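All remarks here apply to the structure that follows.
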């Protein structure tokens, strides 16, 4: 089911905040159309890794990184911020809806990237909301403020917003940490369906979620990548003792 | 027991001060109204509001508020046109663009600007800005509405900058993260996310700035030429409501028609500022929804 086709490749990726090293020599391939789960305890560098993918870390002062990130056979550093973030969208832990209407939230992305045609935008909004499976719930209230939606709806609205800019890769930074179990289940269903056409990287604190949703899974610990394996293998016969200890709850 | 009495005292004190403020405003209004009505007993209200001449010491006197009102409005509009774009842009620069050290320098400079007494600004207007405008724009006199508008804009800038900046800094980080995450540039983020999100605070800042402009007396008295005639452009000498009261009050006999006419001018000023505040309040409420 996983296409053996690398879309993102990191080579000896090291990340630092000031003097503190948060990621050490990460060599990881991400395959096209897979859901790659990243698990690990707090401060293991998962989020930093994720934000390095579309260079969002560069907004932090004192951040620097060494090594290479190859995206679609191109060095990531050679791709402009705006284009890179259009190709690699991100969903944050807390749903970050903008203080405008539902419609404008989704339309914002395409407008930022220069789509001016009203019909095209309308079409993109509808398509994206459908792809994120919120169209049925939201179609009658597109003009009402997005902040009034429930947390789960907001998060799926954020997915729709990201889909509207037609990315290749979607990053999730603990997307369900603030959601109830039902909303979480809906998010997971959405991710599974999106796997047909998108590459997804899911950072989560919830190991159960990683085991349910991801195709492959990586375990990060203290800035190192301990292991990456097929999810089923990682959760049943991990190669590394530390992975076993973490998933069986011996620490965390 | 002791605690209960203490609570009572504090509660009463707070309540009294609250009501006192309301009482003061109402008393000021009543006081203005009473003295203005004394004028309208001898001078028709209609003439006061529609006459195009302000000739308080001719025989018989004419008290037409139109020239003064026009003067005030012209200077106010001029000042707003100058200070709002500059103020909001400066606030954006300080809050979003400037590196740390520049931010500190700019903020303290803005505070210094706020602490310049208006008479000093008026002085600068007389000795430098007025003559400068006169020669560069080939005017008959540099003492005109534009000079006043520019100086008033400077007086309103600190208010607009610091309150807008607070509003901009106060918007949640997440809005900006979301915009950058979607690939928006810095400018797109500022224009489409930061400014709209901070709009209620910015409107409040602008309204407070306008309040400062319309009430200011010293600068306009010093630099606008003090000619109580209907100005046809901002490049002509004019006189504002405030400058009229301040300039003529010393020369009137208490209890004369002229004296009461100045109170009527004060009443008009009061009504204008009241309406401005009212409109500001409504727009603030709307944008908060």
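Residue numbers (this note's numbering), protein chains in the order written: chain A, 210 to 461; chain B, 525 to 813.
Where is the CB? At the ideal position from N, CA and C, for every residue including glycine.
No experiment lies behind these values; they were computed from the predicted model shown.
Compute the Euclidean distance between the alpha carbons of residue i and residue j, then round it to the nearest angstrom.
i	j	result
residue 600 (chain B)	residue 770 (chain B)	18 angstroms
residue 335 (chain A)	residue 602 (chain B)	46 angstroms
residue 214 (chain A)	residue 693 (chain B)	44 angstroms
residue 362 (chain A)	residue 356 (chain A)	10 angstroms
residue 351 (chain A)	residue 554 (chain B)	50 angstroms
residue 722 (chain B)	residue 616 (chain B)	10 angstroms
residue 344 (chain A)	residue 380 (chain A)	22 angstroms
residue 322 (chain A)	residue 707 (chain B)	8 angstroms
residue 612 (chain B)	residue 688 (chain B)	7 angstroms
residue 729 (chain B)	residue 627 (chain B)	19 angstroms
residue 637 (chain B)	residue 736 (chain B)	14 angstroms
residue 349 (chain A)	residue 358 (chain A)	13 angstroms
residue 309 (chain A)	residue 354 (chain A)	6 angstroms
residue 544 (chain B)	residue 552 (chain B)	12 angstroms
residue 341 (chain A)	residue 712 (chain B)	25 angstroms
Sorted by chain position, which residues of the same chain lie with C-beta nearer than 7 angstroms to residue i's C-beta, five sequence neighbours on each side aside?
i	result
residue 899 (chain B)	For residue 899 (chain B) there is no data in the structure shown, the boundaries of chain B being 525 and 813.
residue 412 (chain A)	247, 255, 256, 259, 381, 382 and 383
residue 657 (chain B)	663, 666, 670 and 671
residue 539 (chain B)	none
residue 791 (chain B)	556, 557 and 560
Write down the C-beta distance between residue i and residue j rounded to the nearest angstrom, noting that I regard them as a contact closer than 8 angstroms.
i	j	result
residue 717 (chain B)	residue 307 (chain A)	6 angstroms
residue 597 (chain B)	residue 746 (chain B)	Between residue 746 (chain B) and residue 597 (chain B) the Cβ distance is about 19 angstroms, and since that is not below 8 angstroms, they are no contact.
residue 303 (chain A)	residue 278 (chain A)	With a Cβ gap of about 26 angstroms, residue 303 (chain A) and residue 278 (chain A) do not count as contacting.
residue 234 (chain A)	residue 221 (chain A)	5 angstroms
residue 439 (chain A)	residue 396 (chain A)	Between residue 396 (chain A) and residue 439 (chain A) the Cβ distance is about 22 angstroms, and since that is not below 8 angstroms, they are no contact.
residue 231 (chain A)	residue 432 (chain A)	5 angstroms
residue 449 (chain A)	residue 435 (chain A)	5 angstroms
My output table needs one value for residue i: the three-state DSSP class, helix, strand or coil.
i	result
residue 434 (chain A)	strand
residue 273 (chain A)	strand
residue 283 (chain A)	strand
residue 548 (chain B)	helix
residue 586 (chain B)	strand
residue 447 (chain A)	coil
residue 385 (chain A)	coil
residue 465 (chain A)	No answer is possible for residue 465 (chain A): it lies beyond the span of chain A, which begins at 210 and ends at 461.
residue 678 (chain B)	helix
residue 212 (chain A)	Unreliable positioning characterises residue 212 (chain A) in this predicted model, as indicated by a pLDDT of 44, which lies under 50. The coordinate reading is nonetheless provided below. Coil at residue 212 (chain A), not helix or strand.
residue 492 (chain A)	The displayed coordinates of chain A run from 210 to 461. Any statement about residue 492 (chain A) would go beyond what the structure contains.
residue 607 (chain B)	helix
residue 379 (chain A)	strand
residue 354 (chain A)	strand
At what residues does the beta strand (DSSP E) containing residue i begin and finish?
i	result
residue 221 (chain A)	215-226
residue 471 (chain B)	Nothing in the structure corresponds to residue 471 (chain B), since chain B is present only between 525 and 813.
residue 697 (chain B)	Residue 697 (chain B) -> not in any beta strand (DSSP E); alpha helix (DSSP H) instead, spanning 697-705.
residue 409 (chain A)	408-412
residue 233 (chain A)	229-240
residue 245 (chain A)	244-248
Start and end of the alpha helix (DSSP H) containing residue i?
i	result
residue 314 (chain A)	311-321
residue 294 (chain A)	290-296
residue 398 (chain A)	390-403
residue 572 (chain B)	569-574
Taking only heavy atoms of the ligand NAD into account, decide whether any of them is closer than 6 angstroms to the Cβ of residue i.
i	result
residue 765 (chain B)	This structure simply doesn't include the ligand NAD, nor any ligand for that matter.
Note down, in chain order, each residue of its chain lying with its Cβ closer than 8 angstroms to the Cβ of residue i, except the 5 sequence neighbours on either side.
i	result
residue 574 (chain B)	588 and 590
residue 772 (chain B)	580, 782 and 786
residue 288 (chain A)	280 and 296
residue 759 (chain B)	661, 663, 668, 669 and 670
Could you tell me whether the Cβ of residue i comes closer than 7 angstroms to any Cβ of chain E?
i	result
residue 318 (chain A)	The structure shown contains no chain E; the protein chains it does contain are A and B.
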